[in-house]
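A.B. asks: Using our numbering, the letters of the sequence shown map in sequence onto residues 32 to 528.
Please read through the structure below; I'll follow up with questions.
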Amino acid sequence: MANLDLSQQIPLPANIPTEPEAFYRDFGPLRHPATRKPVLQLAPYQYDTWRKFLKHRRLLEVKSHRVGESSKWMLVDFHLAVLPSSNPLSTRGYDTMLLGPTKQQAIEILRDFRRRVLESRKYSPFIMDRPEEIDLLNDSISSGAVLRDEKSKTAALYIKNPESPLRPSRIIALGADNPGLLEGWPNFKHIHVTDITAARRDYKEALEIALTRIANTDGTAVIETIPGKPYGQVYEWAQRYRGIPESELKKGDFCYVEVTAEQAVAAGVMPGDFLEGERRRLTTADFNGLYGASFTSTTGNVFSSQAIERAIELGKKYNPEEIHHSAEKSQGIDEGFGSSMFGVVVVQKVDGLLVVTLAEEYERPDINKMAYEASQRIKTWPIETTQCDAAQPAFIKLLKTKVGENPDYASIPKEKHRFMRVKPITFGTEHREMLGNTALLVEKGWVAIHPNFAKLITALRTAVAEDYSLDKEATLHNDVLDAFRLALRPYAIKGRG
Ligand SMILES: Nc1ncnc2c1ncn2[C@@H]1O[C@H](COP(=O)(O)OP(=O)(O)OP(=O)(O)O)[C@@H](O)[C@H]1O
Ligand SMILES: [Mg+2]
């Protein structure tokens with residue numbers, strides 16, 4: 032083993048500056064993308080946000096495009112990995128998660144950065160880039176094909192660890208589009224999330240998992256992202272943390288910062304005429320979203336924002352957990368056990384309003400558990416009518432059995448369905464009518480939704496449809512919305528055949 036001591040092959044520099052300015056100078060300058068001249072000093076906001084991160088350990092940065100922050104934060108990731116372990120923020124021997132909207136996007140950023148490190152006279156020796164070195168390590172750290180296989184699917188930058196050569200530090204590129212994959216890594220001490228609001232799907236789960244990954248290591252986190260739409264986790268955190276003065280931040284809080292394109296112009300990072308060109312080219316809302324670090328308000332087209340706000344105001348008047356036993360209730364279930372989620376919504380009729388009392392989404396749930404819980408609600412709350420997506424007969428049979436109905440419902444004529452407590456609904460023929468009906472009920476102010484039901488509210492805010500046919504890619508939490516329209520189906524405003 033002794034002759035595998037990789038640190039002995041090229042001596043690694045030991046004196047690593049801790050101060051941002053000094054480390055940047057030590058590392059070597061970036062090249063300005065327009066002038067190709069070396070950038071001897073980073074912009075003031077680049078050092079400023081760096082220092083705030085070192086102080087508070089968690090930082091949420093809502094930023095403009097092209098202000099140089101991703102490159103700066105990559106440098107910070109690397110800095111932490113080469114700092115000696117005597118520094119509490121050091122990630123030597125640990126992993127850093129670089130989380131992009133997709134893994135491919137994270138890989139691109141990591142590759143770019145790798146090239147930059149290789150240009151650094153002092154720090155390039157830290158890069159472990161010969162495959163045989165890595166193979167050797169994988170074989171010696173843990174035996175078996177698992178790691179080798181993992182490596183082929185992984186994009187990682189290996190950084191030598193002079194304190195423990197067999198435990199290199201790594202920066203690992205991962206994507207928010209596959210949150211399940213984030214769970215498999217036990218050793219993160221820093222996470223760097225980039226442009227997460229550009230993710231096509233809801234990234235909340237990915238962010239949550241990422242943060243749990245650093246709980247054991249008492250790790251640090253940077254989220255740097257364009258603002259995106261005015262909902263979702265980044266928006267919620269921005270609302271929560273922007274108001275907290277730095278001196279009042281507690282452990283676990285994010286220090287909130289904004290970086291606009293105007294700051295980048297002032298610092299010479301972005302050419303001023305480029306920004307002016309963009310200002311002329313884009314609508315004000317789009318310009319502010321891309322360059323002004325402000326959340327754009329493009330929303331869905333099915334529910335008006337006034338109607339959604341009114342439903343939330345009405346919802347605040349009711350305790351969302353209170354079940355009124357004598358109230359009429361309806362449950363909608365959009366069964367999904369694989370790629371789509373399992374959505375459940377229950378409404379109860381109180382004071383003439385349809386008050387949402389459950390709106391949840393489950394990923395790959397157990398079918399028996401879901402059927403059991405639905406049947407318990409039907410029996411104990413009690414719920415008179417439950418509409419399920421007819422496309423999942425196995426679930427419907429199970430639920431019917433549990434509530435004492437004939438599971439052989441295929442033989443029961445349609446006109447008798449109204450006597451069933453568990454009804455199969457054919458989305459294919461009814462989806463438009465149900466969405467139209469849902470929109471009408473919300474528009475009329477007959478629906479109350481407590482702000483706790485954030486997924487349903489996000490679904491309403493983002494719902495995009497053409498001719499009442501829902502665009503599932505554009506609509507966040509569309510499975511909750513499907514359950515919602517199933518729950519509201521009995522309250523059709525127009526007559527139904
Ligand atoms: N202080 C600086 N002065 C000049 N150029 C810089 C500076 N900092 C970074 N750059 C360069 O600016 C370009 C954009 O950088 P980077 O990708 O980090 O920005 P960004 O804000 O993450 O942009 P986006 O995510 O929108 O692409 C890169 O070529 C980078 O090397
Ligand atoms: Mg970037």
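Don't be surprised by glycine CBs; every beta carbon is placed ideally from N, CA and C.
Since this is a predicted model, take the numbers as computed values, not measurements.
Would you kindly work out how many angstroms separate the C-alpha atoms of residue 170 and residue 373, rounded to a whole number?
C.D. replies: Locating residue 170 in the sequence shown gives position 139, counting from the first residue. Locating residue 373 in the sequence shown gives position 342, counting from the first residue. Bear in mind that the predicted position of residue 170 carries a pLDDT of just 41, short of 50, making it unreliable; the figure below should be weighed with that in mind. Each residue's alpha carbon lies about 41 angstroms from the other.
A.B. asks: For the alpha helix (DSSP H) containing residue 53, name the first residue and the last one.
C.D. replies: As a first step, residue 53 is located in the sequence shown; it is residue number 22 there, counting from the start. Note, residue 53: alpha helix (DSSP H), 51 to 58.
A.B. asks: Between the segment 148 to 163 and the segment 221 to 234, do at least 3 Cβ pairs fall closer than 8 angstroms?
C.D. replies: no
A.B. asks: For ligand 1, is there a heavy atom less than 8 angstroms away from the beta-carbon of residue 158?
C.D. replies: Mapped onto the sequence shown, residue 158 falls at position 127. It does not: the Cβ of residue 158 is nowhere closer than 8 angstroms to a heavy atom of ligand 1.
A.B. asks: Throw me the rounded Cβ distance for the residue 140 and residue 190 pair, which I believe falls under 8 angstroms.
C.D. replies: One-based indexing of the sequence shown puts residue 140 at position 109. One-based indexing of the sequence shown puts residue 190 at position 159. Rounded, the Cβ-Cβ distance is 16 angstroms, inconsistent with contact.
A.B. asks: On the DSSP bridge list, what partners appear for residue 204?
C.D. replies: For this step, residue 204 is matched to residue 173 along the sequence shown. Residue 204 is bridged to 129 and 186.
A.B. asks: Can you tell which of 443, 269, 438 and 359 has the C-alpha that lies nearest to the C-alpha of residue 90?
C.D. replies: One-based indexing of the sequence shown puts residue 90 at position 59. Among 443, 269, 438 and 359, the Cα nearest to that of residue 90 is on 269.
A.B. asks: Taking the continuous alpha helix (DSSP H) assigned at residue 287, which residues delimit it?
C.D. replies: Your numbering for residue 287 matches position 256 in the sequence shown. Looking at the DSSP string, residue 287 is not in any alpha helix (DSSP H); the run it does join, the beta strand (DSSP E), is 286 to 290.
A.B. asks: Among 125, 309 and 263, whose alpha-carbon lies nearest the alpha-carbon of residue 200?
C.D. replies: As a working mapping, residue 200 is identified with position 169 in the sequence shown. Cα-wise, what sits closest to residue 200 is 125.
A.B. asks: Hey, out of 100, 225 and 325, whose CA is closest to residue 261's CA?
C.D. replies: The sequence position of residue 261 within the sequence shown is 230, counting from 1. When each option's Cα is compared against that of residue 261, the closest is 325.
A.B. asks: For ligand 1, list every residue whose C-beta falls under 5 angstroms from any of its heavy atoms, going in chain order.
C.D. replies: 61, 63, 64, 70, 73, 74, 96, 97, 98, 99, 100, 101, 102 and 300
A.B. asks: Report yes if the C-beta of residue 226 is less than 8 angstroms from at least one heavy atom of ligand 2; otherwise report no.
C.D. replies: In the sequence shown, residue 226 corresponds to position 195, counting from 1. Indeed, a heavy atom of ligand 2 lies less than 8 angstroms from the Cβ.
A.B. asks: Taking the continuous alpha helix (DSSP H) assigned at residue 486, which residues delimit it?
C.D. replies: Here the question's residue 486 lines up with position 455 in the sequence shown. Looking at the DSSP string, the run of the alpha helix (DSSP H) that includes residue 486 is 485 to 493.
A.B. asks: Report yes if the C-beta of residue 140 is less than 8 angstroms from at least one heavy atom of ligand 2; otherwise report no.
C.D. replies: Walking along the sequence shown from the start, residue 140 turns up at place 109. The answer is yes for residue 140.
A.B. asks: Ligand 2 and residue 436: does the residue's C-beta get closer than 8 angstroms to at least one heavy atom of that ligand?
C.D. replies: The sequence position of residue 436 within the sequence shown is 405, counting from 1. For ligand 2, not one heavy atom lies less than 8 angstroms from the Cβ of residue 436.
A.B. asks: Beta carbon of residue 255: closer than 8 angstroms to some heavy atom of ligand 2?
C.D. replies: In the sequence shown, counting from the first residue as 1, residue 255 sits at position 224. Checking the Cβ of residue 255 against ligand 2 gives yes.
A.B. asks: When you compare the segment 509 to 517 with the segment 384 to 397, are there three or more beta-carbon pairs, one atom per stretch, that lie closer than 8 angstroms?
C.D. replies: yes
A.B. asks: Counting only runs of 4+ residues fully inside the segment 395 to 476, write out the alpha helix (DSSP H) ranges in chain order.
C.D. replies: 398 to 411, 424 to 433 and 458 to 474
A.B. asks: The beta strand (DSSP E) with residue 523 in it runs from where to where?
C.D. replies: Position 492 of the sequence shown, counting from 1, holds the residue named residue 523. Note, residue 523: premise wrong, no beta strand (DSSP E); not H, not E.
A.B. asks: Using C-beta distances below 8 angstroms, list every residue in its chain close to residue 44, excluding the 5 sequence neighbours before and after it, in chain order.
C.D. replies: For the purposes of this step, residue 44 is identified with residue 13 of the sequence shown, where counting begins at 1. 153, 154 and 156, listed in sequence order.
A.B. asks: Compare the beta carbon distance of residue 134 and residue 206 with 9 angstroms and say whether it is the shorter of the two.
C.D. replies: Position 103 of the sequence shown, counted from the first residue, corresponds to residue 134. Position 175 of the sequence shown, counted from the first residue, corresponds to residue 206. Against a cut-off of 9 angstroms, the Cβ pair of residue 206 and residue 134 comes out as a contact.
A.B. asks: Leaving out five residues before and five after residue 424 in sequence, what residues of the same chain have Cβ atoms less than 6 angstroms from its Cβ?
C.D. replies: As a first step, residue 424 must be located in the sequence shown, where it is residue number 393. There are no such residues.
A.B. asks: Over the uninterrupted beta strand (DSSP E) stretch that includes residue 374, give me the two end residues.
C.D. replies: Your numbering for residue 374 matches position 343 in the sequence shown. Taken as a continuous stretch (DSSP letters only), the beta strand (DSSP E) holding residue 374 covers 373 to 381.
A.B. asks: Look up residue 263 in the DSSP assignment and say whether it is helix, strand or coil.
C.D. replies: By one-based count along the sequence shown, residue 263 stands at place 232. In the structure shown, residue 263 sits in coil (DSSP, three-state: anything other than H, G, I, E or B).
A.B. asks: By DSSP, does residue 89 sit in helix, in strand, or in coil?
C.D. replies: On the sequence shown, position 58 is the one that residue 89 refers to. Residue 89: strand per DSSP, three-state reduction.
A.B. asks: Checking 9 angstroms against the spacing of the C-beta atoms, do residue 362 and residue 418 come in under that value?
C.D. replies: Counting from 1 along the sequence shown, the entry for residue 362 is found at position 331. Counting from 1 along the sequence shown, the entry for residue 418 is found at position 387. Yes, these two residues count as a Cβ contact at 9 angstroms.
A.B. asks: Buried or exposed: which applies to residue 400, given that a residue is buried once 16 or more other Cβ atoms fall within 10 Å of its Cβ?
C.D. replies: Locating residue 400 in the sequence shown gives position 369, counting from the first residue. Residue 400 is exposed by the Cβ-count criterion.
A.B. asks: Let me know the secondary structure DSSP gives residue 505 once reduced to three states.
C.D. replies: The residue labelled residue 505 in the question sits at position 474 within the sequence shown. In the displayed model, residue 505 falls within coil according to three-state DSSP, outside both helix and strand.
A.B. asks: Consider the C-beta atom of residue 123 and the heavy atoms of ligand 3; say whether any pair is separated by less than 8 angstroms.
C.D. replies: For ligand 3, the structure offers nothing, since it holds only ligand 1 and ligand 2.
A.B. asks: Considering Cα atoms alone, identify which of 485, 486, 496 and 465 is closest to residue 523.
C.D. replies: The sequence position of residue 523 within the sequence shown is 492, counting from 1. Closest by alpha carbon: 465.
A.B. asks: Measuring CB atoms only, is the segment 478 to 492 touching the segment 300 to 318, in the sense that at least three cross pairs come out at less than 8 angstroms?
C.D. replies: no
A.B. asks: DSSP has residue 135 in a bridge; who is on the other side?
C.D. replies: The sequence position of residue 135 within the sequence shown is 104, counting from 1. DSSP output for residue 135 lists no bridge partner at all.
A.B. asks: Quick test of your reading: residue 290 and residue 98, contact by CB under 8 angstroms. State the CB separation rounded to the nearest angstrom.
C.D. replies: Locating residue 290 in the sequence shown gives position 259, counting from the first residue. Locating residue 98 in the sequence shown gives position 67, counting from the first residue. Sure, about 5 angstroms apart at Cβ, within 8 angstroms.
A.B. asks: What span of residues does the beta strand (DSSP E) with residue 219 cover, start to end?
C.D. replies: Here the question's residue 219 lines up with position 188 in the sequence shown. Note, residue 219: beta strand (DSSP E), 219 to 225.
A.B. asks: Note the first and the last residue of the continuous beta strand (DSSP E) segment covering residue 362.
C.D. replies: Along the sequence shown, one-based indexing puts residue 362 at 331. First-last of the beta strand (DSSP E) with residue 362: 360 to 365.
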